[in-house]
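Please read the structure below before turning to the comments.
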Amino acid sequence: MPVKSAGSSRPPKKAPGLRGSFKKRLENERTKNMAFINPTPDQFKQLMAREYKGPIVMVNLLKFKPDGGSASYNKYSEATRELFLGKNITRMVYRGHGLMPVIGEEQWDEIALYEYPSIAAFIEMQRDKQYQAVVPFRTEALLDSRLYCTLPKEEKL
Numbered sequence: 029m030p031v032k033s034a035g036s037s038r039p040p041k042k043a044p045g046l047r048g049s050f051k052k053r054l055e056n057e058r059t060k061n062m063a064f065i066n067p068t069p070d071q072f073k074q075l076m077a078r079e080y081k082g083p084i085v086m087v088n089l090l091k092f093k094p095d096g097g098s099a100s101y102n103k104y105s106e107a108t109r110e111l112f113l114g115k116n117i118t119r120m121v122y123r124g125h126g127l128m129p130v131i132g133e134e135q136w137d138e139i140a141l142y143e144y145p146s147i148a149a150f151i152e153m154q155r156d157k158q159y160q161a162v163v164p165f166r167t168e169a170l171l172d173s174r175l176y177c178t179l180p181k182e183e184k185l
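Be aware that the sequence shown starts at 29, since it is given in my numbering, and climbs by one per residue.
So this is what it looks like as structure tokens:
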């Protein structure tokens, strides 16, 4: 289903297509039955179709594999930080341990918030070949995850 901007009756501009190894990585994740580890190609297309141009915060809910998942995720996190340090692509807002659910039942090992100047910056990071080389650390680290794209409350959808 195409995503429309609030207040607009026309469909959104066609999003640029997924291409190359970025598209292949997303498609391969589907075949590995990792439904909640990495986004689907359709989820990325929907995100790219959004007309919103302002800053976003990605909320990461992470459940690690036992015996090394946390260490593997730390490798991914450190490698990502080094790749994009000073490039104004991403900034860690918060990263902490999940203590316990107060509402609901899902238990997460870590919660991390990362800010991006725009959806385009987030997509640019995902397409970066050096970033794609460190994604396997993340994939191997996780048993389950959720990733929510959020925008400041004062912004209109």
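Ideal Cβ positions, reconstructed from N, Cα and C, are used throughout, including at glycine. Bear in mind that the values here come from a model prediction, so they are computed numbers and not experimental data.
Is the beta carbon of residue i less than 7 Å from the beta carbon of residue j?
{"i": "L90", "j": "S173", "result": "yes"}
{"i": "S146", "j": "K81", "result": "yes"}
{"i": "C177", "j": "I84", "result": "yes"}
{"i": "F64", "j": "D137", "result": "no"}
{"i": "A99", "j": "R123", "result": "no"}
{"i": "L175", "j": "M86", "result": "yes"}
Counting C-beta neighbours from all protein chains within 10 Å, is the total for residue i 16 or more, i.e. buried, or is it exposed?
{"i": "Y101", "result": "buried"}
{"i": "F150", "result": "buried"}
{"i": "P180", "result": "exposed"}
{"i": "M120", "result": "exposed"}
{"i": "M153", "result": "buried"}
Rounding to the nearest angstrom, what Cα-Cα distance links residue i and residue j in this structure?
{"i": "A107", "j": "R166", "result": "11 Å"}
{"i": "E168", "j": "E110", "result": "20 Å"}
{"i": "H125", "j": "E143", "result": "19 Å"}
{"i": "Q160", "j": "K184", "result": "32 Å"}
{"i": "Y104", "j": "P94", "result": "16 Å"}
Taking the DSSP output, what are the residues bridged to residue i?
{"i": "T178", "result": "V85"}
{"i": "E138", "result": "L90, H125"}
Complete runs of the beta strand (DSSP E) confined to the stretch 54 to 133 [at least 3 residues]: The beta strand (DSSP E) runs of length 3 or more contained entirely in the stretch 54 to 133 are, from start to end of the chain, 84 to 92, 119 to 125.
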